[in-house]
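Undergrad: Dumping the structure here so I can ask a few things about it.
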Amino acid sequence: MRILALIWLVVVPVVAAVLLASLLRPLARRLVRWHVPGPLAALVSLLLTVAVLAGVGFLVQLQVTAQLSALVDDLVDTVQRMRPLLARLGVGDLRLDRLETGVVDWLQAHRDQALSLAQTGAGVLVDTGTMMLLTLFVTFFLLYDGERVWRGVLVPFRGVARQRMDRAGRAAWGVVTAYMHGTAVIATIHGIVIGLVLFLLGVPLALPLAVLVFLGSFVPIAGALVAGGVAVLVTLATKGWVAGLILLVVLIAEDQLEGHVLQPLIVGRYVRLHPLLIGLALAVGSILGGIVGAVVAVPLAAVLRHTVPVLLGRPALSDGPADGDPTGGTGADDAADPVGPPDGQRTIRTGGRS
């Protein structure tokens, strides 16, 4: 188990680096086109990302520290206001007293714990510093020297096997790139819309809830459902059923917009999977890898769908991505590389529902 835990500490940063590199590669290539040296372009892309994440995290911590006490007080008031309704539904006074006491005690007990956690977030970052540094390290070299990394992966293969691995790598990179770019755009739209609605409704912790919705959108179906449900419950508890109903309507409208417009237009049909396959992938990923497994389950399933036929020597799927650069890279030798073309952005192709 100790060995598996150590392996996991390496696998997670590498997987995270691949996903992060697929997101940052367009920015790094744009900087290279502006005559920024490859290593500097990769470094600037990483530093900008870290700065944005640190800024958002700092703002979230400030809002949690400032508003969490008020949120808990609102929740306590809501529990007390529900007494008459529960009494009319036949719940006895003794049971109501026990319920109210239990909920109030739990909220007040966990308020101090949550505030302590928000104020000691730096300690959590220190504990995970090794994994974060490894993620940034791998991401840097994937952005700068991805072509050479991919050639190194292909070294053990010869002949037909090398060709199949090359094609499979291109297909996999195309799927991952399209999935991550599309999902990031959709998650940003969700986060901005929900954050704006929460702000207009005057809901406490609007920014942390918007960030939660943004992050949840990277886990198809379940993530958006859980994050949106948390936002609705907080709104119901603090601003009443009218505000909660408004937010619920917005969430339903967003879900329909995503399913019928955003997903087909932004992500493209070749990344889309049957809901049953998505559910099974999420279940397996969550069991094996927790939150990390849930995040990578769907793109991994899409990658397998497009690469397995290629590895078996069968024709590629007709709705699959075009050949592209499997690892990225902003080095000077990109154009001369025999493995991948100079611009892998041709891998993204969109389409409607199949």
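Sequential numbering from 1 applies to the sequence shown in UniProt numbering. No residue lacks a Cβ here, since even glycine has one placed at the ideal position from N, Cα and C. Computed from a predicted model, the values in this text were never measured in an experiment.
Determine the closest residue to G202 out of T235, T307, I266, M180, with distance taken between C-alpha atoms.
TA: Residue T235 is the option with its Cα nearest to G202.
Undergrad: Any chance the CB of P156 is under 8 Å from a heavy atom of the ligand MG?
TA: Ligands displayed in this structure: none; no statement on the ligand MG is therefore possible.
Undergrad: Extract the residue ranges of the alpha helix (DSSP H) inside the region 273-300, only unbroken runs of 4 or more that lie entirely within it.
TA: Here no run is fully enclosed.
Undergrad: Is it true that the CB of L27 sits closer than 9 Å to the CB of T139?
TA: For T139 and L27, no; Cβs fall outside 9 Å.
Undergrad: Helix, strand or coil, according to DSSP, for W34 in the structure here?
TA: It is coil, neither helix nor strand.
Undergrad: Using 8 Å for Cβ pairs, my map puts A302 next to L273. What's the rounded Cβ distance?
TA: 6 Å between Cβ atoms; contact.
Undergrad: So, with DSSP's three-state summary, where would you put T128?
TA: Coil, per DSSP.
Undergrad: With a threshold of 8 Å on Cβ separation, who are the neighbours of T188 within its own chain once the five nearest residues in sequence on each side are excluded?
TA: Same-chain partners within the cutoff: F214.
Undergrad: Give every residue of the same chain whose Cβ lies closer than 7 Å to the Cβ of F218, excluding the five residues on either side of it in the sequence, and list them in chain order.
TA: Closer than 7 Å at Cβ, skipping near neighbours: T183, A187, V295.
Undergrad: Taking the alpha carbon of L209 as the point to measure from, which residue in G38, P220, A222, I192 has its own alpha carbon closest?
TA: Checking every option, the nearest Cα to that of L209 belongs to I192.
Undergrad: Report the three-state DSSP secondary structure of F141 (helix, strand or coil).
TA: In this structure, F141 counts as helix in the three-state DSSP scheme.
Undergrad: Where does A178 land, buried or exposed, given buried means 16+ other C-beta within 10 angstroms?
TA: Label assigned to A178: buried.
Undergrad: Is it right to say D77 is buried, meaning 16 or more other beta carbons lie within 10 angstroms of its own, or is it exposed?
TA: It counts as exposed.
Undergrad: Starting from the C-beta of G289, find all residues in its chain whose C-beta is less than 6 Å away, skip the five residues before and the five after it, and write them out in chain order.
TA: Cβ neighbours of G289 beyond the five flanking positions: none.
Undergrad: From F199, K239, L251, I246, pick the residue whose C-alpha is nearest to that of A224; which is it?
TA: The residue with the shortest Cα to Cα distance from A224 is L251.
Undergrad: Please name the residue in A206, P220, D145, R151 whose C-alpha comes closest to that of G38.
TA: Minimum Cα distance to G38 is reached at D145.
Undergrad: Which runs of the alpha helix (DSSP H) at least 4 residues long sit entirely within the region 209-257? Give them in chain order.
TA: Correct list: 222-239, 241-257.
Undergrad: Could you pull the start and end residues of the alpha helix (DSSP H) that L201 belongs to?
TA: Segment 159-201, the alpha helix (DSSP H) holding L201.
Undergrad: Tell me the rounded alpha-carbon separation between H190 and L40.
TA: Going from the Cα of H190 to the Cα of L40 covers about 32 Å.
Undergrad: Can you tell me the Cβ-Cβ gap for L53 and V44, rounded? I've got them flagged as a contact below 8 Å.
TA: At roughly 15 Å, the Cβ-Cβ gap does not stay under 8 Å, so L53 and V44 are not in contact.
Undergrad: For A70, which residues in the same chain have their Cβ closer than 6 Å to its Cβ, ignoring the five residues on either side in sequence?
TA: Only P204 meet the Cβ criterion.
Undergrad: Among the residues of its own chain, which have a CB less than 8 Å from the CB of D74, if the five just before and after it don't count?
TA: Closer than 8 Å at the Cβ level, and outside the excluded window around D74, lie P204, A237, T238.
Undergrad: So, at 6 Å on beta carbons, what are the nonlocal neighbours of F157 in its own chain, with the 5 sequence-adjacent residues on each side left out?
TA: Taken in chain order, the residues that qualify are M165.
Undergrad: I need the straight-line Cα distance from I7 to G240, nearest angstrom please.
TA: Their Cα atoms are separated by approximately 48 Å.
Undergrad: Assign R305 to one of three DSSP states: helix, strand, or coil.
TA: Of the three classes helix, strand and coil, the one that applies to R305 here is helix, per DSSP.
Undergrad: Helix, strand or coil: which one does DSSP assign to V153?
TA: Three-state result, V153: helix.
Undergrad: Would you mind working out which of P275, I246, V197, L247 sits nearest G259, comparing C-alpha positions?
TA: It is P275.
Undergrad: Out of T128, F141, R151, point me to the one whose CA is closest to L12's CA.
TA: Note on identity: in this sequence residue 12 is Val, with Leu being the wrong assignment. With distances taken between Cα atoms, V12 lies closest to T128.
Undergrad: Helix or strand or just coil, what does DSSP make of P204?
TA: Note: P204 maps to coil in three-state DSSP.
Undergrad: With 16 as the cutoff for other CB atoms within 10 Å, does I194 come out buried or exposed?
TA: It counts as buried.
Undergrad: What separation, rounded to the nearest whole angstrom, lies between the Cα atoms of R305 and L311?
TA: If you take the alpha carbons of R305 and L311, they lie about 11 Å apart.
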